DNA sequence: CTAAGATAGTTCGTAGTACGAACTGTACGG
DNA sequence: CCGTACAGTTCGTACTACGAACTATCTTAG
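Chains as they are written, first to last, in the numbering used here: chain A, 1 to 147; chain B, 1001 to 1147.
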């Protein structure tokens, strides 16, 4: 029996805290969390529906609707793939780019503030452990580091 | 400028990872995440609607519907408050208790596995920092430590 | 070259989530 | 005892998510 009581609860509570900050920044930008996630993913580079679905852990039918709504708001565009007549790539519009950047910056700012009370070395240690956990579990890159 | 690039992204990605495990355990128990959260909260003790709403960061109308659906499945019960004729407390049924315990145990197990690769002292350090962040930000207790 | 099967996306029906506004009923203070 | 504050519910709307059924394109075997 590994005596790690509390690790699980700490992870759950921390993740609820982070999600609540994320959701708050979303709503301040007129986004819902799945919409923001989509913008962040295609912000890195345009993607096909068939790539996006597993990255966002959605079925293709769910993704279709999400892209519909985000496209209707004018933040992304569906572009036919030249290589494959069946495929479509989703890319940011200029407005989508601005919104994605603003959202990303503000979220980063809010979360950085949140851990500002920690001593810098502890903060770095914490970030590196978190990164390690994440990278050992094949999490799709859903929120990039600032370049 | 505090040079903590990466902390924010690490937090976001970690929280998406934890949420995906949480959601997976939910669906294995026939629950949705908000339903599981409700069970975990009232698992500690029965609560009024007016207490639950802020704990779960929901408007009262949203909570009403959530409790409806969970009650329809037979996992919680609405009980009139003897002290206040307007108020209602939400409590687990026997089946709800079993489900909440099973869900909690399995989630704890899955998340503990997830960090099992870390050396024990690092794991403890990580948990204590996470706890510290959480407790500095007034997060409602949405997932208890094992008793 | 073409028929069969695989792949990419969409549409549709259903259920759950979340909100605000409007509503009912109880409690309480003046 | 009346007015107001409070506790919950209901209703209409929008978003999220799924699976099944569908269209259209690509690929491959014969």
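All C-beta atoms, glycine included, are put in the ideal place defined by N, C-alpha and C.
Remember, it's a predicted structure, so these values are computed and weren't measured experimentally.
**Study point:** Proximal residues of chain B, C-beta to C-beta of residue 136(A) below 8 Å
**Key:** 1117
Check your understanding: Looking at the C-beta of residue 126(A), does it have a partner C-beta in chain B at a distance below 8 Å?
Key -> yes
Check your understanding: Using 8 Å as the threshold, is the stretch 111-129 of chain A in touch with the stretch 79-98 of chain A, meaning 3 or more CB pairs across them?
Key -> no
Practice item. Could you round the C-beta distance between residue 99(A) and residue 66(A) to whole angstroms and report it? I think they count as a contact, below 8 Å. Key: Their Cβ separation, rounded to whole angstroms, is 15 Å, which puts residue 99(A) and residue 66(A) out of contact at 8 Å.
Review point. Thinking C-alpha only, which one of 101(A), 134(A), 114(A) is nearest residue 1116(B)?
Key: 134(A)
Check your understanding: Quick one, are the C-beta atoms of residue 1070(B) and residue 1076(B) less than 8 Å apart?
Key -> yes
Check your understanding: Could one say the Cβ of residue 28(A) lies closer than 8 Å to chain B's Cβ atoms, at least one of them?
Key -> no
Review point. Going by alpha carbons, who is nearest to residue 1074(B) out of 1031(B), 1137(B), 1145(B)?
Key: 1031(B)
Review point. Which value, in whole angstroms, describes the spacing of the CA atoms of residue 1042(B) and residue 1013(B)?
Key: 29 Å
Review point. Measuring CA to CA, which of 1119(B), 1112(B), 1144(B), 1103(B) is closest to residue 1035(B)?
Key: 1103(B)
Check your understanding: Just the Cα atoms here: how many angstroms apart are residue 1022(B) and residue 1033(B)?
Key -> 7 Å
Point to revise | Neighbourhood of residue 1107(B) by C-beta, 7 Å cutoff - its chain only, sequence neighbours within 5 removed | key: 1022, 1025
Practice item. For residue 15(A), count neighbouring Cβ atoms within 10 angstroms of its own Cβ and tell me buried if that reaches 16, exposed if not. Key: buried
Check your understanding: Exposed or buried, which one is residue 1004(B) when buried takes at least 16 other CB atoms within 10 Å?
Key -> Reliability fails at residue 1004(B), whose pLDDT of 45 lies under 50, so the model's placement of it is uncertain and the value that follows must be treated cautiously. Classification of residue 1004(B): buried, given that the 10 Å Cβ count is 16 or more.
Practice item. Less than 8 Å between the CB atoms is what I'm expecting for residue 1029(B) and residue 17(A), so what's the real figure, rounded? Key: About 24 Å separates the two Cβ atoms, so there is no contact after all.
Review point. Opposite residue 122(A) in the DSSP bridges: which residues?
Key: Answer by DSSP bridge pairing: none, since residue 122(A) is not bridged.
Review point. In or out: residue 1(A) buried (at least 16 other Cβ within 10 Å) or exposed?
Key: Confidence at residue 1(A) is low in this model, with a pLDDT of 42, below 50, so its placement is unreliable and the value that follows should be read with caution. Exposed is the call here.
Exercise for review: Report yes if the C-beta distance between residue 1020(B) and residue 97(A) is below 8 Å; otherwise report no.
Suggested key: no
Exercise for review: Classify residue 9(A) as buried or exposed, calling it buried when 16 or more other Cβ atoms lie within 10 Å of its own Cβ.
Suggested key: buried
**Study point:** Backbone secondary structure at residue 107(A) - three-state DSSP
**Key:** helix
Practice item. With distances taken Cα to Cα, identify the nearest neighbour of residue 1049(B) among 1087(B), 1127(B), 1083(B). Key: 1087(B)
**Study point:** Terminal residues of the alpha helix (DSSP H) in which residue 1078(B) lies
**Key:** Counting along the chain, residue 1078(B) falls outside any alpha helix (DSSP H), though it belongs to the beta strand (DSSP E) covering 1076-1080.
Review point. How is residue 1058(B) classed by DSSP in three states: helix, strand or coil?
Key: coil
**Study point:** Beta-carbon neighbours of residue 12(A), restricted to chain B and to distances below 8 Å
**Key:** 1018, 1022, 1107, 1111, 1142, 1143
Exercise for review: Flag residue 1065(B) as yes if its beta-carbon sits less than 8 Å from any beta-carbon of chain A, otherwise no.
Suggested key: no
Exercise for review: Would you tell me roughly how many angstroms separate the C-alpha atoms of residue 1109(B) and residue 131(A), rounded to the nearest one?
Suggested key: 21 Å
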